[in-house]
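J.: Going by my numbering, the final residue of the sequence shown carries number 566, and the count climbs one at a time with no gaps. Beta carbons are placed, not taken as given, at the ideal position from N, Cα and C, and that holds for glycine. Computed from a prediction, not measured in an experiment: that's the story for all the values here.
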Amino acid sequence: MQIHEVFDGVATAFEVIGVLAMIVGFVVAFIVAGRRALQRDSSAFTVLRNALGGAILLGLEILVAADLIRTITSKPSLTDVGVLAIIVLLRTVLSMSIQIEVEGALPWRRALRSGATVMAQAVSAETDAKRAGSAS
């Protein structure tokens, strides 16, 4: 097996992980928001939006890494580099717009947070709400 085949497999694994991160994130987002909705919590929609945004951000970050691995380890032509540049640009713009939507602020006006951080905060907020509900 040549090294190119190994890195192609690694890039494919990153792509699968990126898609799985989005799918798992979507499931977690709906579970967390559903629990909030069942408790008649008015923040259920906000939690759903934030968690979905975080899942998409996390998946996009991993997919960009897969594209970079695939391009760097192949014999890139000028066309391949151009296509990669367009893909990374589109994913970056999409990530920034989702981040602005989720956080309500421009990324350079606020510390940049990864998709994993956004997801963790949404789940943490759910856990805190659950503890507060059981304490009363």
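1) Helix, strand or coil: which one does DSSP assign to Arg470?
2) With a cut-off of 8 Å on the beta carbons, I'd call Val553 and Val458 a contact; round off their distance for me.
3) Can you grab the Cα-Cα spacing for the pair Met549 / Gly534, in whole Å?
4) Let me know if Gly448 comes out buried or exposed under the rule of 16 or more other beta-carbons within 10 Å of its beta-carbon.
5) For Gly483 versus Met452, is the C-beta distance shorter than 8 Å?
6) Measuring straight from C-alpha to C-alpha, what distance separates Ser570 and Ile517?
T.: This is what the structure holds:
1) Arg470 falls in the coil class under three-state DSSP.
2) The beta-carbon separation of Val553 and Val458, rounded to 7 Å, stays under the 8 Å limit for a contact.
3) Between Met549 and Gly534, the C-alpha separation is close to 16 Å.
4) Buried: at least 16 other Cβ atoms inside 10 Å.
5) For the pair Gly483 and Met452, the CB atoms are not nearer than the 8 Å cut-off.
6) Shown here, the chain extends from 431 to 566; a query on residue 570 therefore has no answer.
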